[in-house]
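Trainee: Counting in the numbering used here, the sequence shown runs from 136 upward without gaps.
Virtual Cβ for every residue (Gly too), placed ideally from N, Cα, C.
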Amino acid sequence: MVIPIHDINPMRRRPVITWLLIAANVVVFVFFTPMVSSVAGVQASRPQNVCEQQRFYAEWGAIPKELLTNKQLPSAASGRLTVDSQGRVGCLVESPATFHKSPVLSALSSMFLHGSWLHLIGNMLFLGVFGNNIEDRMGRLLYLLFYLACGMAAAYGFALFEGQTTDTLIGASGAVAGVLGAYLVVFPRARVIGLVSVLFFLPFWLPAWIVLGFWFALQYLYFTGIGVSGGGSVAYGAHVVGFVLGAVLVAPFVQRLRAAGPSPRQAAQPRWVREPPGLGGTRRASRPRHRG
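1) Counting pairs of beta carbons, one from the stretch 244-258 and one from the stretch 199-210, are three or more of them closer than 8 Å?
2) Counting along the chain, where does the beta strand (DSSP E) carrying Leu-216 start and finish?
3) Does DSSP classify Val-320 as helix, strand or coil?
4) What distance in whole Å lies between the Cβ atoms of Phe-265 and Leu-341, which are believed to be in contact at a cut-off of 8 Å?
5) Do three or more CB pairs link the stretch 250-261 to the stretch 282-296 at distances below 8 Å?
6) What's the gap between the Cα of Gly-381 and the Cα of Phe-166?
7) How big is the Cα-Cα spacing for Gln-299 and Asp-219?
8) What does a CB cutoff of less than 7 Å around Tyr-278 pick up in its chain, not counting 5 residues either side in sequence?
9) So, does the stretch 222-241 touch the stretch 307-324, judging by three or more C-beta pairs under 8 Å?
10) Quick one: give me the first and last residue of the beta strand (DSSP E) that His-141 is part of.
11) Can you say whether Arg-406 is buried or exposed, counting buried as having 16 or more other CB atoms within 10 angstroms of its CB?
12) Ala-212 and Cys-186: beta carbons closer than 8 Å?
13) Whole angstroms are fine: how far does the CA of Gly-196 sit from the CA of Pro-350?
14) Just the C-alpha distance for Asn-267 and Ile-140, rounded to the nearest angstrom, thanks.
15) Using a Cβ-Cβ cut-off of 8 Å (strictly less than) and excluding sequence neighbours within five positions of Leu-260, which residues of its own chain qualify?
16) With a Cβ-Cβ cutoff of 8 Å, do Gly-142 and Ala-325 count as a contact?
17) Tell me whether Ile-305 sits in a helix, a strand or coil according to DSSP, three-state version.
18) Report the option in His-249, Arg-190 and Gly-222 whose CA atom is closest to the CA atom of Ser-230.
19) Compare the beta carbon distance of Val-327 and Gln-354 with 8 Å and say whether it is the shorter of the two.
20) Does DSSP put Val-375 in a helix, in a strand, or in coil?
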């Protein structure tokens, strides 16, 4: 596994949409998502928090059966505790549900929900490293539409693979995977510094096609069941759909996108450049906007 932390790929403008998407995901997680904390797999929160989180995800998350039928499930978690005849504490499920839900919109809202800090940080790290250059080449509005389209398509693709299951799908990884697919097609040779887990997380400069190609290969192997993964609740099907869709959507326009900004191989220019004697001494050079 390679964890990307930076790339050398200059830009023309600030990635405002990418920053806003990251901020929106963080705000939703910190201020709106009922928190359920755990340490080493041992749950440390009150049972009431668990019930509230189940209701929150049921209302705003994407459920494959709802997506395929375009109908809300007749029953859903209420967010309240209940005790059965044997004294066991659980979460109350009510029918009909206490909230109204649009399955189509849930595919959109689910992109801004995350189950843990690790889930959130992982998605936002990949989005921050690779999303800014795609935004720079596409333009802000088109990039936002592209991001949302990949995320919603990934949710529906996951539903097609999973069938009539009522498991809840949350996370921005489908949309982020679309961005990764686009980056691989447009900037395959861009240099990315990543931490390689099998080499004790030592940093290495690697071309983007290795970093992203290896990431997609892992997602595909886990999705098909060939690979062995400890994260049984990860929606690998959504990752595969989002990545492939992102790559396919930009492929016809790859030359136009590459020509829309600085060369991905262009190195950052120094802020001050000293000219040879007799050409005017020292003056300030034009400063390209790049990630640093």
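Mentor: Result, derived from the coordinates:
1) no
2) Unbroken beta strand (DSSP E) run through Leu-216: 211-218.
3) helix
4) Not a contact, Cβ separation roughly 13 Å.
5) no
6) 30 Å
7) 28 Å
8) Ile-152, Ile-269 and Glu-270
9) No, they do not touch.
10) Run containing His-141: 137-143, per the beta strand (DSSP E) assignment.
11) Caution applies to Arg-406, whose pLDDT of 35 falls short of 50 and renders its modelled position unreliable; the model cannot decide the point.
12) yes
13) For the record, residue 350 in the displayed sequence is Trp; it is not Pro. Between Trp-350 and Gly-196, the C-alpha separation is close to 25 Å.
14) 13 Å
15) Ile-138, Pro-139 and Ile-140
16) In the sequence as presented, Gly is not what sits at residue 142; that position holds Asp. A contact, by the Cβ cut-off of 8 Å.
17) coil
18) Arg-190
19) Judged by their CB atoms, Val-327 and Gln-354 are not nearer to each other than the 8 Å cut-off.
20) helix
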